[in-house]
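Taking the working numbering, the leading residue of the sequence shown gets 25, the next gets one more, and so forth.
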Amino acid sequence: MEALLHKSQILDEQIDINVGLRRIEGRQSGKYLAEGTAVRARIVSLSLNPHDPRSSKIGLTCKQTALGAHDWLNEED
25 MEALLHKSQI LDEQIDINVG LRRIEGRQSG KYLAEGTAVR ARIVSLSLNP
75 HDPRSSKIGL TCKQTALGAH DWLNEED
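Pasting the structure below:
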């Protein structure tokens, strides 16, 4: 099952898209997400379709304490 993490729900700062490195970067913090980055997120919206599970939608956020890329969480310890 897949979920959507909208760019506005990644960090509490403006983000830039680094096309060359294929990643999303925080403008002030330098934190980034690239394809395959493991993250801890919270489900904020859920719209399940029991007749067609592939059309179900799950919305996520990483903008709270203890959420985000695993590397970010290790920095907070």
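Think of the CB as a built atom: it goes at the ideal place given N, C-alpha and C, for glycine as much as any other residue.
Around the beta carbon of Leu57, 16 or more other beta carbons lie within 10 angstroms, which makes this residue buried. Per DSSP, Asn73 has no beta-bridge partner at all. Taking a contact as a CB-CB distance under 8 Å, the pair Gln38 and Arg51 counts as one, their CB atoms being some 4 Å apart.
Assigned with DSSP and collapsed to three states, Glu49 falls in strand. Under the DSSP assignment, Ala62 falls outside any beta strand (DSSP E); it carries neither an H nor an E label.
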